[in-house]
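Data block below; observations after.
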Amino acid sequence: MRERSGSGDLPSWGPPGGVLELTETVEDGVRREVHEETGLKVGVERLTGVYKNVSRGIVALVFRCHLEEGSERLSDESTAIAWLTPAEVSERMAEVYAVRLLDALRDDAAPSIRNHDGRRWLTGPETAG
Numbered sequence: 057m058r059e060r061s062g063s064g065d066l067p068s069w070g071p072p073g074g075v076l077e078l079t080e081t082v083e084d085g086v087r088r089e090v091h092e093e094t095g096l097k098v099g100v101e102r103l104t105g106v107y108k109n110v111s112r113g114i115v116a117l118v119f120r121c122h123l124e125e126g127s128e129r130l131s132d133e134s135t136a137i138a139w140l141t142p143a144e145v146s147e148r149m150a151e152v153y154a155v156r157l158l159d160a161l162r163d164d165a166a167p168s169i170r171n172h173d174g175r176r177w178l179t180g181p182e183t184a185g
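Anchor point for the sequence shown: position 11 equals 67 in my numbering, and the numbering is continuous, going up by one each time.
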């Protein structure tokens with residue numbers, strides 16, 4: 057996890073993330089964002105969830121990754137980097153953001169599909185399949 061710099065109304069802790077560049081694949085975008093924000097190189101394993109913030113019109117795709125190499129380093133977007141337990145994720149993050157990470161830790165193969173307004177869930181956990 058990283059503690060965000062200048063996050064405004066967003067929770068202070070969250071996973072690396074961002075917007076895909078026009079010419080990159082989704083997997084390349086995941087690897088780039090993680091490396092830019094943490095200094096770590098990861099391998100992308102699988103899609104674990106699709107989350108829509110209906111208030112902001114944002115769809116987030118969340119992937120389970122594994123560490124390949126690298127040393128943690130801060131960036132302009134991160135004031136701290138930490139490895140958190142599931143309990144710490146729940147304590148430090150707003151529920152609509154923490155659930156994304158907890159979903160990624162599940163071992164079943166079906167991604168979660170959820171809608172929220174930035175503060176609360178509008179639909180329960182549904183799985184694609």
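Here a beta-carbon is modelled for each residue, glycine too, at the ideal position from N, C-alpha and C.
If you measure between the beta carbons of residue i and residue j, is that distance less than 8 Å?
i, j, result
"R120", "R102", "yes"
"V98", "L123", "yes"
"D224", "V118", "Within the shown structure, residues of the chain are numbered from 57 to 185, placing residue 224 beyond reach of any answer."
"S134", "E59", "yes"
"M57", "L161", "no"
"V100", "V115", "no"
"G70", "P167", "no"
"E93", "S131", "yes"
"E89", "G113", "no"
For residue i, name the three-state secondary structure that DSSP assigns.
i, result
"A116", "strand"
"A136", "strand"
"V152", "helix"
"V98", "strand"
"S127", "coil"
"L76", "coil"
Please name the residue or residues paired with residue i in a DSSP beta bridge.
i, result
"H172", "N109 and W177"
"R58", "G70 and I137"
"L27", "Residue coverage of the chain in this structure runs from 57 to 185, which leaves residue 27 outside it and unanswerable."
What span of residues does the beta strand (DSSP E) with residue i cover, start to end?
i, result
"T94", "Note, T94: premise wrong, no beta strand (DSSP E); alpha helix (DSSP H) at V82 to T94."
Under DSSP, the alpha helix (DSSP H) around residue i begins and ends at which residues?
i, result
"D164", "No alpha helix (DSSP H) contains D164, which DSSP labels as neither H nor E."
Can you find a C-beta in chain B that's less than 8 Å from the C-beta of residue i?
i, result
"V106", "The displayed structure is made up of one protein chain only, and chain B is not part of it."
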